[in-house]
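Each residue of the sequence shown is one higher than the one before, counting from 9 in my numbering. Beta carbons are placed, not taken as given, at the ideal position from N, Cα and C, and that holds for glycine. Please read the structure below before turning to the comments.
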Amino acid sequence: MDENPEFGELMDTSLEELRLKTQAHKEAWGFGGFDRWAMDIRQGDLIFKNEDGLTATCPAQAVGSYNSEDGSWMWAWANASLPEAFKQDVLKVKQYGEEHGIEFLVEPQLEIGEEKGAWELTALATKLGDAQGAYCCPLGGTSLFVTFGEVRLSKAATP
9 MDENPEFGEL
19 MDTSLEELRL
29 KTQAHKEAWG
39 FGGFDRWAMD
49 IRQGDLIFKN
59 EDGLTATCPA
69 QAVGSYNSED
79 GSWMWAWANA
89 SLPEAFKQDV
99 LKVKQYGEEH
109 GIEFLVEPQL
119 EIGEEKGAWE
129 LTALATKLGD
139 AQGAYCCPLG
149 GTSLFVTFGE
159 VRLSKAATP
């Protein structure tokens, strides 16, 4: 995405760290294997639920939305429909772009092509925002990419 060697190293590190965090979450609490997910944008929570009553809840921050039909990306900070509190971490990405002259980090919308580009941008947001992990929330032809913080597990009593 950028020819700056330092930025290239940061991206490589960000992707590897996200891969390791994702694997650790899979092993620790079954991340990626839950029956359903929900997003409470007002509370800023990402919620995963299983039929057996197990629920994983974590604070979340929006990174951006990816449109698979045209390969476009919109940074969450540019999305007026999202609450300000839900997009604080992604402002760190924008700030990094401003400080280092990386244009695509400060442009509201980008053409990124495949979903891989959305994961790269989300990995960077995970690193710069010091998040615990990231998730892609599929919403039809558009997906909302979010980072998440510390996971809280609970189990509802089964009848």
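In this chain, the beta strand (DSSP E) harbouring Arg44 covers Arg44 to Asp48. Unbroken beta strand (DSSP E) stretches of 3 residues or longer found wholly inside the segment 119-152: 141-147, given in chain order. Gln140 and Ser22 have their C-alpha atoms roughly 12 Å apart. Leu161 carries a strand assignment under DSSP once its states are collapsed to helix, strand and coil.
For Asp20, the enclosing alpha helix (DSSP H) stretches over residues Pro13 to Trp37.
In the DSSP assignment, Val71 falls within the beta strand (DSSP E) that extends over Leu62 to Asn75. Sequence-distant Cβ neighbours of Thr65 in its own chain, meaning closer than 6 Å and more than five residues away, are Asp53, Ile55 and Arg160.
In this structure, Lys135 is the residue among Gly125, Lys135, Leu147 and Tyr74 with its C-alpha nearest to the C-alpha of Leu99. If you look at Leu99, you'll find it in the alpha helix (DSSP H) that goes Val98 to His108. In this structure, the beta-carbon distance from Trp81 to Gln117 falls below 8 Å.
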